[in-house]
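Student:
Protein chains: 2
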Amino acid sequence: MTERKIIEEAVTQVLAALARLETPHTDMGIPVGISNRHIHLSADHLAILFGSGYSLTKVKDLKQVGEFAAKETVTLIGPKGVLQGVRILGPVRGFTQVELSRTDGFILGIAPPVRDSGDIAGSAGAVIAGPQGTVTLEEGVICAARHIHMSQEDARRYALADGERVTIAAAGGRGGSLANVLVRIQPDFRLECHLDTDEANALGLTNGDLVRLRPRGGE
Amino acid sequence: MTERKIIEEAVTQVLAALARLETPHTDMGIPVGISNRHIHLSADHLAILFGSGYSLTKVKDLKQVGEFAAKETVTLIGPKGVLQGVRILGPVRGFTQVELSRTDGFILGIAPPVRDSGDIAGSAGAVIAGPQGTVTLEEGVICAARHIHMSQEDARRYALADGERVTIAAAGGRGGSLANVLVRIQPDFRLECHLDTDEANALGLTNGDLVRLRPRGGE
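Heads up: the sequence lines are chains A and B, in that order.
First residue of the first sequence? That's 11 in my numbering, and the numbers climb one at a time after it.
First residue of the second sequence? That's 11 in my numbering, and the numbers climb one at a time after it.
#1: Please return the same chain residues whose Cβ sits closer than 6 Å to the Cβ of valine 75 of chain B, not counting the five positions on each side in sequence.
#2: Taking any Cβ of chain A, which residues in the stretch 184-198 of chain B have a Cβ under 8 Å from it, in chain order?
#3: For serine 111 of chain A, which residues in chain B fall below 7 Å Cβ to Cβ?
#4: Taking 8 Å as the cut-off, does the stretch 16-26 of chain B touch the stretch 189-204 of chain A (at least 3 CB pairs, one atom from each stretch)?
#5: Let me know if arginine 184 of chain B comes out buried or exposed under the rule of 16 or more other beta-carbons within 10 Å of its beta-carbon.
#6: Is it the case that the Cβ atoms of glycine 135 of chain A and leucine 118 of chain A are separated by a distance below 7 Å?
#7: Using a Cβ-Cβ cutoff of 9 Å, what residues of the stretch 125-145 of chain A are near chain B? List them in chain order.
#8: Throw me the rounded Cβ distance for the leucine 99 of chain B and aspartate 114 of chain B pair, which I believe falls under 8 Å.
#9: For phenylalanine 116 of chain B, write down the residues that DSSP places opposite it in a beta bridge.
#10: Going residue by residue through the stretch 94-146 of chain A, where are the continuous beta strand (DSSP E) segments of at least 3 residues, counting only ones entirely within it?
#11: Serine 45 of chain B and aspartate 206 of chain B - do their beta-carbons sit closer together than 7 Å?
#12: Do alanine 180 of chain B and leucine 213 of chain B have their C-beta atoms closer together than 7 Å?
#13: With distances taken from CA atoms, which of B/Lys68, B/Ile87 and B/Arg222 is nearest phenylalanine 78 of chain B?
#14: Taking C-beta pairs closer than 8 Å, name the residues in chain B that glycine 173 of chain A reaches, listed in chain order.
#15: Under 9 Å between beta-carbons, which chain A residues line up against valine 96 of chain B? List them in chain order, please.
#16: Thinking C-beta only, is leucine 215 of chain B closer than 7 Å to valine 96 of chain B?
#17: Span of the alpha helix (DSSP H) holding glutamate 163 of chain A?
#18: Chain A partners of valine 151 of chain B, CB-CB under 8 Å?
#19: To which residues does DSSP link phenylalanine 78 of chain B through a beta bridge?
#20: Using the Cβ count rule (16 or more neighbours within 10 Å means buried), how would you classify threonine 177 of chain A?
Have a look at this one:
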């Protein structure tokens, strides 16, 4: 029995060492960026809401290169409620996309599905009101699936591929983990884990807090 | 090397079997109860807000014995915003306690600390308005720490003690885990894991969905 225990202990240590070797550098924290409700507008919709020839006024660069918060906001109207002052993020895109938390959805009385950015077919709708007009959006309202932006260099460091889904963990009194976090890799992406306000609040996170990747096979 | 592999495999299986033996019946799901923002009132505050001699009108029994949702609601006022129609839960208590999500806190412009129910010393304040008067609450506004109600019988089944903190896990597309969930054991408690709306939305949970206990030592 003593011999058996020694073997068990030895094998356990070997397996642990192997696991460490196979584990990428997941101990490096990833900073959190919290996405409040916002909207990306198409050029056509911008013209309807703010007038022909209108262009957005940048008030703040976002962490991802080229993205910015505009001075302009819109009002969203749903069957049960209204959200005022919804920030427009620029530049204009090929199509309009509204990103809400599930809490926001309850306020409007709609149930935006959890979707990766750009995947809006059959998603929820809402009415958008601007100073010069309104747009009835049949689809384009989503809960953006949590995701991590990273460069190829970061991806090598974490041993991750574009499109993978990973689990992140947060420490602290409201600590926990979130599964199915989409990894998005592009050369100019800056390392940032985008969560919505529900997710950040549930885990007690604020902007810039660090989350860690769970080793593969963990939950 | 083949022999080594056989030993490794055998030991792995033995260790897994031992782990299963030591694990309590954590595979039994615990139903989720989602707490929307609400208020418990003291008798004195009820009299100020609704008039002397007023008593609450029950509209719905809650799952926990004796607790009910009242017909009456109040308005909460903070430095940055207002929350209308905040439900009163009865019966009246020894002191007033407001339970908000962190999202609600941002709307009011206050930062309620995460606290176990009853632990209100030094917590946030707000103004409460009712049809007959207002109360300026200096403390008593909290984010209720996530917790599980269970009977002694359930506690034996899960091998848990009153006051323990456990980790729960949710499956699904927005799956994940929440650590530091307080276990509360009383003879008349019905098995229910109370989460606030931020926590439920972050994990994609609705009322009655099942969560599972993580084995001890897991995250």
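Even for Gly, the Cβ is constructed at its ideal location relative to N, Cα and C.
Tutor: Concretely, from the data shown:
#1: Counting only residues of its own chain and dropping the five nearest sequence neighbours on each side, valine 75 of chain B has a CB closer than 6 Å to the CB of Asp198.
#2: Going along the stretch 184-198 of chain B in chain order, one finds Arg184, Gly185, Gly186, Ser187, Leu188, Ala189 and Asn190 with a Cβ nearer than 8 Å to chain A.
#3: Here the neighbours are Asn211.
#4: Judged by Cβ distances under 8 Å, the stretch 189-204 of chain A makes no contact with the stretch 16-26 of chain B, as fewer than three pairs qualify.
#5: That one is buried.
#6: no
#7: none
#8: That belief does not hold up - the Cβ atoms of leucine 99 of chain B and aspartate 114 of chain B are roughly 15 Å apart, past 8 Å.
#9: As computed with DSSP, phenylalanine 116 of chain B is found in no beta bridge at all.
#10: Taken in chain order, the complete beta strand (DSSP E) segments of 3 residues or longer contained in the stretch 94-146 of chain A are 107-109 and 134-139.
#11: yes
#12: yes
#13: Per the Cα distances, B/Lys68.
#14: The premise fails here: glycine 173 of chain A is roughly 16 Å from chain B at the closest Cβ pair, so nothing lies under 8 Å.
#15: Simply none; closest approach about 15 Å.
#16: no
#17: That run of the alpha helix (DSSP H) goes 162-168.
#18: Per Cβ cutoff of 8 Å: no residues; valine 151 of chain B is ~15 Å from chain A at best.
#19: B/Asp71 and B/Gly100
#20: buried
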